[in-house]
Amino acid sequence: MEAPVNPALAGPSPTVPAQQTGLGTTLDSDPLLHPDPAAAADHAALENLLRCWVRETGVAAPGDGVLRIPVAAGSARLAAPVRHWSATGWHRFGPVVLAAETAAAQGGAAQGGATGSPVDAVTAAALLTREAGTAAAADIADLAGRVADSVRLTTEFLAHRRRHPRPAAGAAAPLPFLDGEQALLLGHPMHPTPKSREGIRGAEAAAYSPELRGSFRLHWFAADRALTAADSALGTTAPEITEELLGGAVALPPDTVALPLHPWQARELLNRPAVRALFEQGRLHDLGPHGDAWHPTSSVRTVCRPGTPWMLKLSLGLRITNSRRENLRKELHRGVEVHRLLESGLAAEWHAHHPHFDIVRDPAWLGVDLPGLAPGTAGGLDTVIRAQPFGPADRALCVAGLVAERPLPDPAEPDRAAVPSHLADLLHGLARRTGRPLPAVAVEWFLRYLDAVVLPVLWLDGRAGVALEAHQQNTLVLLDQDGWPVGGRYRDNQGYYFRDSRAAALDARLPGIGALSDTFVEDRVADERFAYYLAINHLLGLIGAFGSQRLADEQLMLAALRRFLAADRTVATGSGLPARLLDSPTLRCKANLLTRLHGMDELVGPVETQSVYVTVPNPVAATGHSAPAAGGAA
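For the sequence shown, full-length UniProt numbering gives the first residue as 1, with consecutive numbering after it.
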């Protein structure tokens with residue numbers, strides 16, 4: 001499939017009216033703040049679809065401030081007024097309409113909008129996917145269904161949080177880490193179905209959704225010890241940890257191991273013949289729900305319990321966005337392997353340069369070897385044991401939650417044009433306390449962030465040959481009491497790339513590394529993925545949040561990023577990414593809409609072919625504005 005290089009990412013078109021591209025504009029109230037949560041949720045989904053289409057198919061900035069996309073074989077157009085055209089892709093749009101081609105050609109903007117009939121997100125998804133011309137009918141129907149599911153859940157989230165903007169009285173003491181995990185009300189701004197969760201409804205959604213501040217007791221099985229597989233890089237074994245988490249009130253059957261499960265997964269597993277057979281043979285035992293409540297984090301399947309030193313990354317067979325979230329054995333090995341690699345002396349070297357950044361460790365795991373299960377296949381009973389290093393005094397926030405829009409209308413500002421976020425709250429507070437202009441505070445905050453969070457990630461790539469899949473949801477920023485960035489953490493036992501070119505050095509640090517974890521990749525693959533996750537998703541996404549939320553001009557923030565990338569301390573990390581961002585006119589970018597249309601599960605198969613990637617202009621490079629208009633998908 002071919003997709004052109006997208007000139008829209010190179011920056012705002014000089015012909016777009018200024019009131020639709022910058023700060024300080026006069027616009028109608030933001031559609032995300034519509035008093036009807038269903039209308040706000042549907043508009044959020046429409047904006048995601050339009051952003052994906054613009055990025056993945058090469059739509060240029062409109063000259064008159066109205067985006068128009070031909071659909072229905074050219075007989076009609078989707079049209080929307082541009083509220084903000086982003087240099088980095090985080091565009092904002094007004095109400096979306098469907099117009100016949102003749103009317104679309106004549107209509108233009110009317111009172112700051114576009115003429116035509118209002119269109120909902122499911123209809124727009126069906127029209128756009130047919131226009132793509134590469135998806136099978138079943139994939140088109142599947143996408144439309146997932147868009148509907150995402151809108152339904154987003155509506156529930158917005159309705160609940162508008163009724164209950166703060167935790168209920170008597171709830172557990174606030175944990176900043178958990179607050180950040182619960183902040184992603186709209187989800188990934190560049191994904192067509194960011195809140196799709198196949199199979200969760202009603203009371204289950206209330207319990208299992210971080211956006212609803214849900215919590216639930218774990219369901220427990222006991223497995224014959226001979227069935228279990230486990231590893232631990234600690235002085236304590238994984239079975240000892242899970243038995244301690246279960247608590248002494250439950251007596252395990254003799255010679256068995258305690259298995260924690262998500263309650264949805266525990267119920268679903270009973271439909272699997274191999275699991276049912278083990279229960280019938282008396283080799284698995286259903287202990288039921290036990291213990292105190294655990295809270296889902298932003299990934300839905302990883303849970304934490306304040307006051308407990310461990311989080312649990314549970315297997316969950318739900319299809320969340322693009323993938324079923326059952327732990328693969330290679331990922332379990334990878335988490336423990338990375339912990340051992342860091343403890344081999346690498347962490348000490350790293351922290352000598354960057355003492356305030358680390359990886360949230362996954363030092364142990366526990367699972368069940370189902371009879372007859374093919375190697376590499378998820379069995380549905382495997383759990384990662386993850387460290388929980390954050391307490392009530394630690395301002396550790398998921399970056400995706402930090403920048404997430406919070407579309408909760410404020411009665412004191414019913415006509416506000418910008419949707420608030422935690423980032424906006426921080427920066428406005430710093431500006432008030434320091435008496436400095438908001439853009440100046442934003443630039444300083446961003447530069448401090450680059451040193452505290454991004455520089456250590458570049459060091460690990462350049463000095464050790466370990467590239468992290470450091471997208472915003474995998475990255476935590478540590479803030480001081482005033483709100484300035486002072487450190488960070490990375491989490492995700494899936495998201496590591498060991499460079500082939502550094503295989504000998506890594507094996508010298510940890511003999512046999514990669515044998516079970518399948519983590520080594522060609523350098524070209526590591527380069528592409530590292531550039532997408534750290535540069536496009538993370539850094540350009542952060543700059544897009546500054547711009548779309550009217551906190552700072554995106555070109556100002558891009559200039560600050562260039563300054564950081566060219567600095568001696570950045571070059572000294574040895575990573576090739578800074579030079580690539582400064583010099584390459586284009587970058588490879590994951591195309592979430594096209595990936596969804598191809599029915600791809602991003603956790604299955606070789607890393608090189610798990611997702612569709614397209615070529616887009618690089619707005620960081622000095623040559624980004626003159627990128628060639630040709631490229632392709634892979």
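The C-beta atom is built at its ideal place from N, Cα and C for all residues, glycine as well.
Distance from the CA atom of Leu542 to the CA atom of Leu450, rounded to whole angstroms, is 11 Å. With fewer than 16 other Cβ atoms from the protein chains shown falling within 10 Å of its own Cβ, Gly235 counts as exposed.
Counted as a single uninterrupted DSSP element, the stretch harbouring Lys590 is not any alpha helix (DSSP H) but the beta strand (DSSP E) occupying residues Thr586 to Lys590. Nearest to Leu153 by alpha-carbon distance, out of Thr377, Arg329 and Ile320, is Ile320.
In chain order, Leu460, Tyr496 and Phe498 place their CB closer than 7 Å to the CB of Val466, counting only its own chain and leaving out the 5 sequence neighbours on each side. The DSSP assignment places 137-163 and 176-181 as complete runs of the alpha helix (DSSP H) inside the region 137-200, in order along the chain (cut-off: 4 residues).
With a cutoff of 8 Å on beta-carbon distance, Val151 and Tyr208 are scored as not near each other. Taking a contact to require three or more Cβ pairs closer than 8 Å, the region 181-193 and the region 130-142 do not qualify as touching. Residue environment analysis places Pro289 among the exposed positions, since fewer than 16 neighbouring C-beta atoms fall within 10 angstroms of its C-beta. Non-local C-beta neighbours of Leu558 in its own chain, meaning closer than 7 Å and more than five positions away in sequence, comprise Ala87, Ile543, Pro619 and Val620, ordered along the chain. The Cβ atoms of Arg146 and Ser196 lie closer than 8 Å to each other. For Ala621, no beta strand (DSSP E) encloses it, and the DSSP letter there is neither H nor E. For Val66, the uninterrupted beta strand (DSSP E) run begins and ends at Val66 to Val71, by DSSP.
By the Cβ-count criterion, Arg529 is buried, with 16 or more other Cβ atoms from all chains shown falling within 10 Å of its own Cβ. Straight-line measurement puts the Cα of Trp445 at about 10 Å from the Cα of Val486. CA-to-CA, the gap between Leu252 and Ala238 works out to about 15 Å. Collapsing the DSSP output to three states places Val419 in coil. Annotation: Pro194 to Glu326 spans about 18 Å, alpha carbon to alpha carbon. Assignment of Arg213 by DSSP, reduced to helix, strand and coil, places it in the coil class.
Within its own chain, the residues whose Cβ lies closer than 7 Å to the Cβ of Gly574, once the five positions on either side in sequence are excluded, are Gly462 and Arg463, listed in chain order. If you look at Gly367, you'll find it in the beta strand (DSSP E) that goes Ala364 to Val368. Between Leu556 and Pro439, the beta carbon gap of about 6 Å places them in contact (Cβ cut-off 8 Å). Between Leu510 and Trp53, the CB-CB gap reaches or exceeds 8 Å. Note that the C-beta distance between Ala121 and Ala45 is below 8 Å. The region 347-362 makes contact with the region 475-489, as at least three CB pairs between them are under 8 Å. Within the same chain, and ignoring the five residues on either side of Ala505 in sequence, the residues whose Cβ sits closer than 7 Å to its Cβ are Gly465. The three-state reading of DSSP puts Thr129 in helix, counting H, G and I together.
Excluding five sequence positions before and after Ala452, the CB atoms of its chain that fall closer than 8 Å to its own CB belong to His356, Phe357, Val477, Leu478, Pro485, Val486, Gly487 and Gly488, given in chain order. The C-alpha of Leu447 is placed about 7 Å away from the C-alpha of Phe564. Apart from sequence neighbours up to five positions away, the residues of its chain that approach Glu522 with a beta-carbon distance below 7 Å are Asp500, ordered along the chain. Between Arg283 and the set Glu268, Asp224 and Thr308, the nearest pair of CA atoms involves Asp224.
The beta strand (DSSP E) runs lying completely inside the region 317-377 and spanning 3 residues or more are 323-325, 357-359 and 364-368, given in chain order.
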